[in-house]
Amino acid sequence: MDYFFIISVLVTISAIFGYLNVRFLKLPNAIGLMLITILFTIGVFGISYFNSTLLDAEKYIITHIDFKEVLLDIMLSFLLFAGALHTNFNQLRVQKWPVLVFSTLGVLFSTFLVGFAIYYLLPVLGMEVKLVYCLLFGALISPTDPIAVLSILKQAGAPKKLETKIVGESLFNDGVGVVVFLTIFKIAQLGGDHVEAMDVIKLFSQEVVGGVLLGFLLGWITFKLMKSIDDYDIEVIITLATVMAGTLIAHKLHFSAPLAMVTAGLIVGNDTVRNSAMSKITENYVDKFWELIDILLNTILFVLIGMEMLVLSFETNYFVAGLIAVPVVLVCRYLSLILPVKFFEKKLNFVPRTNLIMTWGGLRGGISIALALGLTQDMNRDLFLVMTYIVVVFSILVQGLTVGKLVKKVTKDLDPVYLE
1327 MDYFFIISVL VTISAIFGYL NVRFLKLPNA IGLMLITILF TIGVFGISYF
1377 NSTLLDAEKY IITHIDFKEV LLDIMLSFLL FAGALHTNFN QLRVQKWPVL
1427 VFSTLGVLFS TFLVGFAIYY LLPVLGMEVK LVYCLLFGAL ISPTDPIAVL
1477 SILKQAGAPK KLETKIVGES LFNDGVGVVV FLTIFKIAQL GGDHVEAMDV
1527 IKLFSQEVVG GVLLGFLLGW ITFKLMKSID DYDIEVIITL ATVMAGTLIA
1577 HKLHFSAPLA MVTAGLIVGN DTVRNSAMSK ITENYVDKFW ELIDILLNTI
1627 LFVLIGMEML VLSFETNYFV AGLIAVPVVL VCRYLSLILP VKFFEKKLNF
1677 VPRTNLIMTW GGLRGGISIA LALGLTQDMN RDLFLVMTYI VVVFSILVQG
1727 LTVGKLVKKV TKDLDPVYLE
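For the sequence shown, the numbering used here begins at 1327 and goes up steadily by one.
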């Protein structure tokens, strides 16, 4: 009954806040929902001095939800499958090499750049933190969020090539970022002296390669099943089963479920499969079903992110560290993309200032907060959770509200070749 109560309250709050945003604020849903929830939570704090009923109810919801488990083990698979299903497969195929490099080497470079920068900056605030824990922060804050940025880019009318790079990178670097985090987490738990290089390579390879291969297998099976029948009801259920069963299998085999779901979604959503395995009515129902799942889970996710304020430790040093982390994360992302952008820009007609747009458009979201919540107390959990929350809120509210203007400004007078 508790779970039904919590889900009912979350869906109701999401509906009310979503209505308020669409009716009055008219902001992109991700931004509007999180802003309203944060303001609501601040208001609840104020009211609690006179009556703590609302604050107690909000705390009850947060304390009874394992945000890390709910997002990483359940919601993320659905969200990434839905995002991949609606990604332009032909554009992604053209941009596959830069997307691959951005989502792997880019995440690794960003992880180490952020980790070392934070390691040397925190002592200025009187906080000594081990390097491996700073690298954990670098790993959890480096993945960008496809959920938050996709609708914003579409509203801004971003060129398809640019949209594909940012969204494609975000879809894959979520999975890669989680794997990098888990690898460093294991090193931090066991101590560097007890972990051999081959163990790290084996863990990384198993998660990444296993996840992608599982995704290919799931996508192929789904395609074959859908091709052999013509019943849109059952075909929608087959796609749902692909995500749910695939996630369970990935967890059982210790493969990356996010990478498996992205790969499966790209296969099921590509034009060849659509044309040969789905009738028009099936395609319409599959798309509408996953759009609804995407919208519902996104709505709940950003309400939860706003409510996570309640688990923060209100210490001045932590907030100052979070404010310092904002420019550090942005600069490190910019630096991590310089070489890949320079290498590919002439071959693939990159939009001018692609690096700047990808840096400012690389929003952080629920993945980062979920990973930060998974840290243990001896890993400076409270410090890194506050830092992560500040970076995420800044990226969604500030970067999210301005990236559209940046895209329009940069692409205003471009040659048509860049706008294809």
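Glycine is no exception: its CB is placed at the ideal position from the N, C-alpha and C atoms.
Source: prediction; values computed, not measured.
* Whole-angstrom distance between Phe1343 and Met1327, CA atom to CA atom -> The predicted model places Met1327 with a pLDDT of 49, which falls under 50 and marks its position as unreliable, so this point remains unresolved.
* Asked: Given 8 Å as the limit, is there contact between the stretch 1406-1421 and the stretch 1631-1638, that is, 3 or more CB pairs closer than that?
  -> Under the Cβ criterion (8 Å, minimum of three pairs), the stretch 1406-1421 does not count as touching the stretch 1631-1638.
* For Gln1421, I'd like the list of residues in its chain whose CB is within less than 8 Å of its CB, leaving aside the five on either flank, ordered along the chain. => Its chain contains Lys1487, Thr1490, Lys1491, Gly1494, Leu1674 as the residues whose beta carbon lies nearer than 8 Å to that of Gln1421, once the 5 sequence neighbours on both sides are disregarded; these appear in chain order.
* Asked: Terminal residues of the continuous alpha helix (DSSP H) containing Lys1614?
  -> Per DSSP, Lys1614 belongs to the alpha helix (DSSP H) from 1606-1633.
* Asked: Taking DSSP as the reference, what is the three-state secondary structure of Tyr1375?
  -> DSSP, read as helix, strand or coil, puts Tyr1375 in coil.
* Other residues of its chain near Trp1546: CB distance less than 6 Å, five sequence neighbours each side excluded -> The beta carbon of Trp1546 lies closer than 6 Å to none in the same chain, with the five residues before and after it left out.
* To do: Check whether the Cβ atoms of Thr1573 and Ile1400 sit closer than 9 Å, and answer yes or no.
  => A contact, by the Cβ cut-off of 9 Å.
* To do: Following the continuous alpha helix (DSSP H) through Val1594, name the residue where it begins and the one where it ends.
  => Its alpha helix (DSSP H) spans residues 1583-1595.
* **Pairwise C-alpha distance: Arg1419 and Asp1613** => Computed Cα separation, rounded: 21 Å.
* **Closest residue to Leu1402 among Gly1687, Gly1691, Ile1716, Thr1737 (Cα-Cα distance)** => Per the Cα distances, Gly1691.
* Fully enclosed by the stretch 1392-1464, which beta strand (DSSP E) runs are 3 residues long or longer? -> With a minimum length of 3 residues, no continuous beta strand (DSSP E) run stays inside the stretch 1392-1464.
* **Secondary structure of Asp1557, DSSP reduced to three states** => Coil.
* Give a yes or no on whether the C-beta atoms belonging to Gly1501 and Ala1465 are separated by under 9 Å. => The Cβ atoms of Gly1501 and Ala1465 do not sit closer than 9 Å to each other.
* Give the C-beta separation of Leu1462 and Leu1682 to the nearest angstrom, bearing in mind that I take them to be a contact with Cβ-Cβ under 8 Å. => Their Cβ separation, rounded to whole angstroms, is 28 Å, which puts Leu1462 and Leu1682 out of contact at 8 Å.
* Asked: How would you call Ala1571, buried or exposed, if buried means at least 16 neighbouring beta carbons within 10 angstroms?
  -> When all chains shown are included, Ala1571 counts as exposed.
* Can you give me the start and stop residues for the alpha helix (DSSP H) that Phe1710 sits inside? => From DSSP, the alpha helix (DSSP H) with Phe1710 extends over 1707-1720.
* Is it true that the CB of Val1724 sits closer than 9 Å to the CB of Leu1638? -> Judged by beta-carbon spacing, Val1724 lies beyond the 9 Å limit of Leu1638, meaning their Cβ atoms are not closer than that value.
* To do: Would you mind sorting Val1588 into buried or exposed? The rule is 16 or more other CB atoms within 10 Å of its CB.
  => Result: buried.
* Asked: Near Val1458, which residues of its chain fall below 8 Å by C-beta distance, leaving aside the five closest residues on each side in sequence?
  -> Only residues of its own chain outside the window of five on either side were considered, and among them Ile1510, Ile1513, Ala1514, Gly1518 have a CB closer than 8 Å to the CB of Val1458, listed in chain order.
* Can you tell me which of the three DSSP states Asn1643 falls into? => It is helical.
* Residue span of the alpha helix (DSSP H) that contains Val1331, given as start and end -> The amino acid occupying residue 1331 in the given sequence is Phe; Val does not appear at that position. Note, Phe1331: alpha helix (DSSP H), 1328-1346.
* Asked: For Leu1551, does the three-state DSSP call read helix, strand or coil?
  -> In the structure shown, Leu1551 sits in a helix (DSSP, three-state: H, G or I).
* To do: Go ahead and pull the three-state DSSP assignment for Ala1484.
  => Coil.
* On the three-state DSSP scale, how would you describe Phe1676? -> Here Phe1676 sits in coil by DSSP.
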